[in-house]
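A quick write-up on the structure given underneath.
Number of protein chains: 4
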Amino acid sequence: MPVQLDNHLLEEILAQVRPLIGQGQVADYIPALAEVQADKLGIAVCTVDGDLFTAGDAQERFSIQSISKVLSLVLAMGRYEEAEIWQRVGKEPSGQPFNSLVQLELEQGKPRNPFINAGALVVCDMLQTRLSAPRQRMLEVVRQLADQPDLAYDARIAKSEFEHSARNAAIAWLMKSFGNFDNDVITVLQNYFHYCALKMSCAELAKTFLFLANQGQTLQHDEPLITPQQTRQINALMVTSGMYDGAGEFAYRVGMPGKSGVGGGIIAIVPHEMSIAVWCPELDASGNSLAGTAALEILAKRIGRSIF
Amino acid sequence: MPVQLDNHLLEEILAQVRPLIGQGQVADYIPALAEVQADKLGIAVCTVDGDLFTAGDAQERFSIQSISKVLSLVLAMGRYEEAEIWQRVGKEPSGQPFNSLVQLELEQGKPRNPFINAGALVVCDMLQTRLSAPRQRMLEVVRQLADQPDLAYDARIAKSEFEHSARNAAIAWLMKSFGNFDNDVITVLQNYFHYCALKMSCAELAKTFLFLANQGQTLQHDEPLITPQQTRQINALMVTSGMYDGAGEFAYRVGMPGKSGVGGGIIAIVPHEMSIAVWCPELDASGNSLAGTAALEILAKRIGRSIF
Amino acid sequence: MPVQLDNHLLEEILAQVRPLIGQGQVADYIPALAEVQADKLGIAVCTVDGDLFTAGDAQERFSIQSISKVLSLVLAMGRYEEAEIWQRVGKEPSGQPFNSLVQLELEQGKPRNPFINAGALVVCDMLQTRLSAPRQRMLEVVRQLADQPDLAYDARIAKSEFEHSARNAAIAWLMKSFGNFDNDVITVLQNYFHYCALKMSCAELAKTFLFLANQGQTLQHDEPLITPQQTRQINALMVTSGMYDGAGEFAYRVGMPGKSGVGGGIIAIVPHEMSIAVWCPELDASGNSLAGTAALEILAKRIGRSIF
Amino acid sequence: MPVQLDNHLLEEILAQVRPLIGQGQVADYIPALAEVQADKLGIAVCTVDGDLFTAGDAQERFSIQSISKVLSLVLAMGRYEEAEIWQRVGKEPSGQPFNSLVQLELEQGKPRNPFINAGALVVCDMLQTRLSAPRQRMLEVVRQLADQPDLAYDARIAKSEFEHSARNAAIAWLMKSFGNFDNDVITVLQNYFHYCALKMSCAELAKTFLFLANQGQTLQHDEPLITPQQTRQINALMVTSGMYDGAGEFAYRVGMPGKSGVGGGIIAIVPHEMSIAVWCPELDASGNSLAGTAALEILAKRIGRSIF
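In structure tokens form, the structure reads like this:
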């Protein structure tokens, strides 16, 4: 029997998953991520009616990392025709780790989807072509969506990412060799790493991504950010490709469109109802927040929500 | 503005997609499939209230092929613990053609999911272990679900598949070499090909798969076929892996869990509402019915249904 | 300064490499191979003048395994036109483990060379087509070449190989799916495993393969077994593909055409001068006899022989 | 019956292979290479006694491209311990196209051998670490070996290569991501492309590479350039990996260590006797000079030379 959504329920769920802390692995490929406290745990739910429920460290900001890939796709959707986007990046799950070059070479430099590194880099390359100040523009968008004018990039993380960017540079150059990368590699990598280095809290993330539960409509604007159809399309891409090589497992267990980041954050969507953000830094073998996924699984069961 | 579902709407939709016939390719790897008339086109929708709407060749039987993979998984779910199944087959999309051995070798003989050939063969291997007459049992199940006591295997197609079974034999033997295949290869292949050679009409398919739209409950039985949670799990697997290497595109365009077969059939589910079956033999590059997918896309838009 | 070849030199070399025993791994994929004594060590050299030098366990028979792949190719070369052979199997090193299916699938069922399992299976398939009794014929050939009428297959090993043949069956079926395998899979596998299960001693191997050092001419016949050009071709294939994924290392260290088997035997050729056979069951990471390779490396240096 | 080597024989051979011109493909990935006259054809042979025989366009300089990979390895062998080199690059044939990233990723950034692009880039990276002026040093070496003080890089080709360097940049960055690349990517790429852009004639190449036929001894110096053992090692690597993915075919047909470049040049070695250089710009499917390979095959037969 589904229960009512409130702060108390969220606290109960966090208590239930907290024992999982210690079973995962904090991302440590850059020092700035490795030093995050492993026992952080937060959750926030924003409903289409504008209610916000939170528990735990829901107000503490963390590095959103690959969750930003959804935002860059949204920006691109507003500046490119549908066909222009999908001729440069696919819509299929990769069946591979998120940063592999194997498939990218076999498929002639066309990334499988916009939520793996290669795909997000292509999207950033597209933004670089059409936006005069892509980093500033992203900030404006998230500040509005989250209703927080002080949202900012963590310059130290962005710098650290850039200093460890060899693999992503290889990916970008490989796409360039196939003619699927137009701008200067370093410039685009810098943008990409800044997007990844956005710091946001669960509460801010839930508010920011509410439009995906609301047919593209934000709470702040009269004009929708994207169309209802584009909203469904993004949700579809999140279900099939949003959780690295763990999308199938996430759909099976949680049953919602979701996108995770190696900072330990996940956003999930209940279409027409709510957006959910969780944060717990330790990751499972696929690179998704271990306790975060468990919290979403329990929440889905408790409130009786699933797209399936 | 969503419209009402009725036979007339379905006829309209078929008229709209009929011009696509000629742009795809009928499966021709066995003669028995190649000789199907390319301009067959049918659709059937069954609602949880028991209403059935149809148009076109909805009463004509065809070879359901890989659609049967969902049914074998359902049978296995009733006979094995959850963990027993998923230690032998994964839940992730493959990012590869449906009959590739590359990934299967790299991943030590554990197929990516139960809807690619390797995965379905493992499931059939499991059924062979626990069922005394796996072919007869499958027939009983579909005859009940479709309420058609004369449903049968097309022996000629099963025989023809078996005579062209080298690739599937290679897959089975490769899994055996990794210890993930228990029974005699030929026996299991025979069962597998018979399941693929089931002949059903769109109307029968829609009725058969209604339980996936109805939390596992069939119209014919008091007892549910599977639990509500298992129902959500199967729908989740269909979204991420049900359409070969075109699952992302199908989710993006249609927005429903679906499973296709190279005979040109597709079943799709609107959870809590209806099951849909389409049939048009010509396939797109991913092996999914070209006009069938288009019909589902239009239907989804017209009736305003999408899980996203 | 090169030294004279004699039994004493060979004994010295064996003493030098004996300490390596313990650093490798005896092949254990079938019990019959696993139970071989790990400290067996033998060497035999046969010169084109007919001299035979030996040391250690040079008279003890062991399972020649993949060394037989050279013999099946020789048989095929006598029964097929050059072009007929090389349209079905390539001449290039594989850059892969000896029993991988990955490359075989990507390259449409045409094995890279006749000395990996897939390639040898194709050659056996060709022999099955043209020989009425392929197993008997092979025995006749090696009995004559080794001048030992009692050479025989080890039926127990052949049976054991067949019982563990899943991987090779997968390879054969995969080639069949691409139209590159004509005969019954089980029949050809049985022949293949019998060839592998030939038991020969170092002394017998050195004598048997002398024709590769002697422009195709055997010591026993007036007629050459193969032409001088075919001899050069086989030696070339052994250099580039004879040592599994360790051919480069072997050429770099030893500098002779060679072919190894997982039984721990290696044959090596000094063109125009001598054939050499070593045996020591423990294998290195590439599957080649560890102490055997070392013995060949030292021998090459001591007698100042290298094709480079 | 082998014939005497002289200019007349070489002219005969060129006449015999000239009809093959038109069946290959001039490398066209950069304009500077594409504009070479396709009907250039030259050959030069240098014996260890110092005799030089030539025919055709043997005095015309062309871009030596990957032939330079042997020279960079020679330079590295003089500046690094054997183990230092081979822990960063392997000795095995790749079984892949020369510029693939697939294998490089699977094998953790360690290139298969020093004669594919990745391997040569690692070698150039090593030279950059130990040489103060790697480009100048290479020039000094080849000028001495060829006895031609005016040998130079073709700056236009080097520049053009650099402008089309995306694939090689991807390779270098991928190795950097695995910790197998120490210096600035652009600096090393520039050196690498300059080495490739060396312009030399067949006569100059034959003289330059004579040391590989002469146990490391050059005609110009008292001190050998490399040791006899290093000479054998390089010849071994050329046989197993010198002809891209056509090494097996080249060994089978020609039977000599060889290294080719996409400029259409090939050098080949008859140990203890002679070095041979051929040039004809059209390439076969593996990227080796089509008529050049044919000329070497005929020459080998006519003079009765083969390492096998």
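Protein chains in written order, with the working numbering: chain H, 1 to 308; chain Z, 309 to 616; chain S, 617 to 924; chain B, 925 to 1232. Backbone N, C-alpha and C fix where the C-beta goes; we use that ideal spot for every residue, glycine too.
CB contact check: residue i to chain H, cutoff 9 Å
i              : result
residue 903(B) : Since the first and last residues shown for chain B are 925 and 1232, residue 903(B) lies out of range.
residue 364(Z) : no
From the options, residue whose alpha carbon lies closest to that of residue i
i               : options                            : result
residue 864(S)  : 708(S), 654(S), 678(S)             : 708(S)
residue 1097(B) : 1045(B), 1218(B), 1167(B)          : 1045(B)
residue 456(Z)  : 553(Z), 418(Z), 515(Z)             : 515(Z)
residue 43(H)   : 19(H), 261(H), 52(H), 129(H)       : 52(H)
residue 832(S)  : 851(S), 818(S), 874(S)             : 851(S)
residue 558(Z)  : 240(H), 246(H), 200(H), 250(H)     : 240(H)
residue 786(S)  : 754(S), 717(S), 854(S), 626(S)     : 717(S)
residue 596(Z)  : 419(Z), 392(Z), 553(Z)             : 553(Z)
residue 227(H)  : 77(H), 146(H), 84(H), 155(H)       : 77(H)
residue 997(B)  : 1047(B), 1115(B), 1008(B), 1091(B) : 1047(B)
residue 664(S)  : 911(S), 723(S), 889(S)             : 889(S)
residue 1231(B) : 947(B), 1209(B), 1162(B), 1205(B)  : 1162(B)
residue 1153(B) : 954(B), 1006(B), 978(B)            : 1006(B)
residue 232(H)  : 256(H), 221(H), 252(H), 61(H)      : 256(H)
residue 159(H)  : 192(H), 136(H), 184(H), 178(H)     : 192(H)
residue 892(S)  : 868(S), 798(S), 671(S), 638(S)     : 671(S)
residue 1035(B) : 957(B), 1118(B), 1182(B), 1105(B)  : 1105(B)
residue 203(H)  : 10(H), 3(H), 1(H)                  : 10(H)
Proximal chain Z residues relative to residue i, where beta-carbon distance stays under 9 Å
i              : result
residue 235(H) : 559, 563, 614, 615, 616
residue 783(S) : 481, 482, 484, 485, 486
Short CB-CB distance (under 9 Å) between residue i and chain Z
i              : result
residue 646(S) : no
residue 112(H) : yes
residue 721(S) : yes
Chain Z contact residues for residue i, given Cβ-Cβ distances below 8 Å
i               : result
residue 621(S)  : None at all; the shortest Cβ gap to chain Z is about 44 Å.
residue 1000(S) : In the structure as shown, chain S begins at 617 and stops at 924. Residue 1000(S) is therefore absent and cannot be evaluated.
Beta-carbon proximity check, residue i vs residue j, cutoff 9 Å
i               : j               : result
residue 594(S)  : residue 821(S)  : The requested residue 594(S) does not occur in the structure, where chain S is confined to residues 617 to 924.
residue 1190(B) : residue 1137(B) : no
residue 839(S)  : residue 870(S)  : no
residue 70(H)   : residue 283(H)  : no
residue 1066(B) : residue 1055(B) : no
residue 876(S)  : residue 684(S)  : no
residue 1229(B) : residue 1038(B) : no
residue 1195(B) : residue 961(B)  : no
Chain-ordered chain B contacts of residue i [CB-CB under 7 Å]
i              : result
residue 857(S) : 1172
Partners in chain S for residue i, counting only beta-carbon separations shorter than 7 Å
i               : result
residue 1156(B) : 871, 922, 924
residue 1015(B) : 864, 865, 868
Below-9 Å beta-carbon distance, residue i vs any chain S residue
i               : result
residue 489(Z)  : yes
residue 1169(B) : yes
Whole-Å CB distance - residue i paired with residue j, under 8 Å assumed
i               : j               : result
residue 581(S)  : residue 680(S)  : Any question about residue 581(S) goes unanswered here, given that chain S covers just 617 to 924.
residue 1069(B) : residue 1142(B) : 6 Å
residue 1090(B) : residue 176(H)  : 4 Å
residue 911(S)  : residue 633(S)  : 5 Å
residue 986(B)  : residue 1187(B) : 5 Å
Neighbour list for residue i in chain A, Cβ cutoff strictly below 9 Å
i               : result
residue 1195(B) : Here the protein chains are H, Z, S and B, and chain A is not one of them.
Residue i: contacting residues in chain S (beta-carbon distance under 8 Å)
i              : result
residue 430(Z) : The premise fails here: residue 430(Z) is roughly 14 Å from chain S at the closest Cβ pair, so nothing lies under 8 Å.
Neighbour flag for residue i against chain B, beta carbons, 9 Å
i              : result
residue 289(H) : no
Neighbouring residues, chain H, relative to residue i (Cβ below 7 Å)
i               : result
residue 1094(B) : 170, 173, 174, 177
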